[in-house]
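Start counting the sequence shown at 2; every next residue gets the next number (my numbering). Taking it in order: structure first as C-alpha cells, then the write-up.
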Amino acid sequence: MDRFVQRSKPSTSRPPLATESGNSNKRPELSAQRTTPTKRRKVAEVEYSEDENDISPDETPNLPSCETAFESSLPVVPIDKEAIEQYEAMRSSQPQDDKNNTATRLEKRQWVPGKSSIYVDAFNLALETVLEDESHLFDAKEKHVFEQWQNLSYETQYLYVRLFLRKTASWHRLERLQSSYSNDIADFSLAIENLLEPRELPVDGTSPSRKKSSDVMEELSLGDTFTFADDSQAYIKSMADATPLLSLDELKTLAKEAKVQGKNKADLVKALCRTSARQAGLLSLGLSRQNTNESTVSRDQESEDSRERTEANRDSHFLRKILAMTGPLVRLSELIFKLFERVHLVFYRSTEWTEKSLTAIILAKIARRNYPDYIVCRSSNIFDSRRSLLEFELSMRKDFEVDNVLEFNGSPGEAGFLKVLEIFESISGRWRELTRQEQHREDHVYEFGEGSYLRRFNAAHAFTRIAHKAAYVLGRLHRYREEHLLLTELLSQHLFHPARRGSWYQRKALVEERYMWEVDPDPVSTNPEAQKKHWQQIALITCETALEDRNCHLIYHYDLQKRLLKLEKRLRVPRRLQHDFGHVKLREPEEHTVQGIQLVRDEPDLRGKNGRGPSTKTTWLDELGDPDEDGEAAHVSVEEMCLSYYRKEGWKGYHSEGGILRTLFAYLFFDVLFVYVPNVFQTAFQTCPLDLHTDAFYPARASQINHRLVEIANGGGEEIMRGVYEREHERRTCVVGLNWDFEIDDLVELVSCFNGSALAAVCKVMAEDYRARGGGVPDLVLWRTSDDGAQANGDDNNSQKGEVMFAEVKSANDRLSDTQRLWIHVLTGAGVRVALCNAVAREVQALL
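In C-alpha cells form, the structure reads like this:
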C-alpha cells in the first residue's frame, strides 16, 4: 500500500521546485523579453561571534516552522479550498463498493455519498499506516483507543479532526462550533455526546518490574477510562480557568461589575483573578461578621466552615456569570490528544504538521507529476521500542522548553539562563548514556550511512541541541571553564549535529585564546604570560584539528584560518613552519556604481510586504533595456535595471538569487540525490530525500558527493548536465530546486565559464547545509565567454571558457545581511568575482 506524507504550502525560504518558477508561462530573465522568477526572501543567519557578549544561541537560521522534511520532499500541488472541494466531490461521487477506497480510509469503513472529508481521510490514513507497520510502539490501552476511534461515526470523527487541527488544550464554545460545522455535521449534539462519552480501557497486564522501569513515562500513560473530549462542567472550577475564555468585550462587562480595571485582556484577566482570590483569602482568615460573645470553639468552628466555603465562594458569582456568557464548552482530552500527536509523529517522521500538511497527503498522490526513479523504503524501525518513542517525545518537549526561555519570551536574563542550565543538568546523564549507545550501534550495527537519518529520532539529538544551548548560556554567564568542558564534550562525539561542529571549534578556540589562562584549575605556570602562551598553543591545535575535521563545514574555514595565522604570529612560530593559506585567500568584492532614474510615489509605501516597516523596494526606469508596449522605458526593479547595465557591458545573466544555483546543484547531483540510502525515501512522491534539509545528508553520501565534486573540479560539469537533461527533460521530472524553464544551453555555458574548482566549492557548501544556504545568494549571476570579452584567468590547466561574476544589488536603503556576507565569503574564497552594485539615482521622478 502506498505511503503518503504531508507538506504545507511552500514558504518563502523554500527552494523552487521543477514546476514552480516565478511564472509557469514565462522563462526566467536572461534578456529584456524574459520575466524574472519570483524573488525569494533572504533569511538571516547568525553564528558564534568573536565577542563573547554577542554570541548566538544557535548557528542556524530561524526558518519557518511550517515546513518539515516531508513537506519539503513533496511536489507543489494546489492545496487551496477549491482543490479540497474538488477532491471531496470526486470521492463522494464514487460508489460505496469501490474497493480502491481502502487506500485512503480504514479498510472496514465505507464511503458515505455526500460526506467525504479530506481531513478525516488523511487522519485515518496516518493511523492505518502506523498500526499496520509500527503497532509495537503502542500498548494495549492505546490500541483500544484506536479501536474505539474506528467505531466512531463519520460526523464524530470529522468534528474531532477539525478540533485536533486547532490549538492544543483550547476550550471551544459549542454554540460557535455548531454554527461553524452546520453544513458538515447533521446531528451535532450526537457527535458531541460521542466525544464526551466515558469509555473503559482494558486492565494493564504489565508486570510490577516493568512498571517500575517505565515510571519516567507515567505522565503519558492512560488510566482506566478515557473520553475523546472534556466537558467544561467537570473541568472549569476556578476564575483562573474561566476568565481567559472571554472575549475582550465580555471581560470589560464583567470588570465593570467587579469594579476592576485593565489596559488590555491580560490585565483584565489578572485583575479579576486577584479580586476573586482576595475575597477567598478574607474568608479563609475567618473575617466574617459574628457575635463577640461567641466562644472560641464556636469561632474556630466557623473559621473551619469558612475555609470549606472558600472554593465555593471563589467560583460562585463571577464563575456562574462567565459560564453563562460562554455557554457549554468542550475541549479535546489532553492524553488522547497527545496519543494522536504521537501517531502523527510516527507517520510524518516529524514533530510539526499543519492542516495543509494533512490535505497535501492525498492531493500529492492524485496530482499528475513525474517523479525520479528511486527505491522506496518506509522503515518500521525509526523507533525501536515504545520507550524510545516516548523518550523522544519528552526530549522534544525539553528542547521546546529551552527555546521558550531563550528565544520566545524576550531577554531571558540570569534567571532564564539558570533555568536552561537546570534543564540541561536534568538530562545530561541520559544524554551521555544515549550518545554512548548510539556510537556502539554505529560501530557494530548500522551499515554505512544507515544511521544518519535515524539519529534525528533519537532523544540524544534533542539533548545534544540542549547541550549546545547550555554552552551558549555558560558563555553568557562568563563561566568559561564549564563552557570549555562542555564544548570539548560536544566535539568528542561525532554523531549528533555534525553541522554545528564548525561553530563549536570556533568558540572553543576563542575561549582557549582569551579566557582559559585565567580560569585554568591546574595552571602550568604561575607566570601569566607563560600561562597565556600555553593556552594559545592549545587554541592553535584546536584550529588545526578543526580544519582537518571533515565535518567542519567550509563556511567556517576562513575564520579558523585567520585565527590560526594570528596565533602563529603571536607565538612566533618560524615562518617555514607557519601555515600558508594563500591558495584560498579571499578576493575582495568589487564596487560598482550604476546610475539611473528612480521613480517615487507621491505617497510612499510606509509598510513593507509583511506590514512591519518601510519597504526597501524601489522602482526604476529601464533606460538600457527594451521598451514596453507603448515604446517607453519600462518600469522595473533595481535588480532588473542593473541587469540591463551589465548586459550592455557584454554580460549574460539572470536575476534569480539562489534559484539558478539550486538548479545547477539539482542537475549536477541528480543521481547523488536519489542514490539509495536507508530510511530517506518513504513515499513514491518525493522530489528529494528526507535528509536533504538536515545535517545528515552529506555524511550519509560522503563518498558519492566527494567523487562528484572531483568530477566537477576536473571540468566534467557540462557532460553531467547534458546527460540529466536528455534523460529527464521530456518528463519534466519533479526535483527539488530544479527549474526546467532555464535554457539548458545557457546553463551549460554558465558552467563552462566557471572555474571547475570554484564550482565544486560552491556545490560543496550547498551539499553540507542545503537548507541554511538557501538565502543570501547574490541577486544577479552573470557570465561572459572569451568571445564576449571575458578576462583571462591565468590558469592554463583549467578548461573554463569565460568568467563568472555574482552581483549583489544595493539601493540606498539596503544593507548586507549576515547570510549575504557569508555567501560573498564563500564565492570570493573560491576565486569567483563578486560585485557590490550600488544603484544611485541621478534623477528622481514622480511615479503617477
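All C-beta atoms in this analysis are idealised placements derived from N, C-alpha and C, irrespective of residue type, glycine included.
**OP:** Tell me whether Y655 sits in a helix, a strand or coil according to DSSP, three-state version.
**Re:** strand
Subject >> Unbroken alpha helix (DSSP H) run spanning K533, endpoints >> reply: 529–549
Original post:
Given a threshold of 16 other Cβ atoms within 10 Å of its Cβ, counted over all protein chains shown, does K653 qualify as buried or as exposed?
Top reply: buried
Original post:
Are D623 and M642 touching if we call contact CB-CB under 8 Å?
Top reply: yes
Original post:
Would you report the Cα separation of T130 and R398, rounded to the nearest angstrom?
Top reply: 25 Å
Subject >> Residue closest to L221, alpha-carbon to alpha-carbon, out of W150, D232, V261, R388 >> reply: R388
Subject >> R573 in three-state terms, based on DSSP >> reply: coil
Original post:
Under a Cβ-count criterion, where at least 16 other Cβ atoms within 10 Å of its own Cβ denotes burial, should D225 be classed as buried or exposed?
Top reply: exposed
Original post:
What is the rounded straight-line gap between the Cα of L333 and the Cα of R709?
Top reply: 52 Å
**OP:** Consult DSSP for R728 and reduce its assignment to one of helix, strand or coil.
**Re:** helix
Original post:
Just curious, the beta strand (DSSP E) that E592 is in, first and last residue?
Top reply: 591–602
Subject >> A874: first and last residue of the uninterrupted alpha helix (DSSP H) it sits in >> reply: Because the chain in this structure spans residues 2 to 849, residue 874 falls outside the shown range and cannot be described.
Subject >> Buried or exposed (CB count within 10 angstroms, at least 16 for buried), I713 >> reply: buried
Subject >> Simplified DSSP assignment, three categories, for N839 >> reply: strand
**OP:** Would you mind reading off the limits of the beta strand (DSSP E) that contains S851?
**Re:** Shown here, the chain extends from 2 to 849; a query on residue 851 therefore has no answer.
Original post:
Between which two residues does the beta strand (DSSP E) harbouring F807 extend?
Top reply: 803–811
Original post:
Where does W1 fall in DSSP's three states?
Top reply: Lying outside 2 to 849, the shown extent of the chain, residue 1 is not represented and no answer is given.
Original post:
With distances taken from CA atoms, which of A460, L491, F147 is nearest A127?
Top reply: F147
Subject >> From A256, E519, E402, residue whose alpha carbon lies closest to that of H479 >> reply: E519
Original post:
What are the boundary residues of the alpha helix (DSSP H) that V162 is part of?
Top reply: 155–165
**OP:** Please report the residue range of the beta strand (DSSP E) in which A635 lies.
**Re:** 635–638
Original post:
With 16 as the cutoff for other CB atoms within 10 Å, does D59 come out buried or exposed?
Top reply: For D59, the predicted structure reports a pLDDT of 36, less than 50, and the residue's modelled location is therefore unreliable. The matter cannot be settled from this model.
**OP:** Tell me whether the beta-carbon of V601 lies closer than 8 Å to the beta-carbon of A840.
**Re:** no
Original post:
Using a Cβ-Cβ cut-off of 7 Å (strictly less than) and excluding sequence neighbours within five positions of S453, which residues of its own chain qualify?
Top reply: D692, A697, P700, A701
**OP:** Kindly indicate the opening and closing residues of the beta strand (DSSP E) around L487.
**Re:** No beta strand (DSSP E) holds L487; the alpha helix (DSSP H) holding it covers 481–493.
**OP:** Could you check what DSSP says for L223 in three-state terms: helix, strand or coil?
**Re:** coil
**OP:** Give the DSSP-derived three-state secondary structure of W621 in the structure shown.
**Re:** strand
Original post:
Taking C-alpha atoms, which residue in R834, K339, E769 lies nearest to W784?
Top reply: R834
Subject >> Contact belief for P203 with K142 at Cβ below 8 Å, rounded distance in angstroms >> reply: 6 Å
**OP:** Would you kindly check if the distance between the Cβ of E569 and the Cβ of Q579 is under 8 Å?
**Re:** yes
Subject >> CB contact flag (L164, I193, <8 Å) >> reply: no
Original post:
Using the C-alpha atoms, what's the distance from H558 back to L336?
Top reply: 48 Å
Original post:
DSSP on L435, reduced to helix/strand/coil?
Top reply: helix
Original post:
Looking at the structure shown, is Q683 part of a helix, part of a strand, or coil, going by DSSP?
Top reply: coil
Original post:
Nearest to H485 by CA position, among N459, R433, A540, is which residue?
Top reply: A540
Subject >> CB contact flag (L751, V805, <8 Å) >> reply: yes
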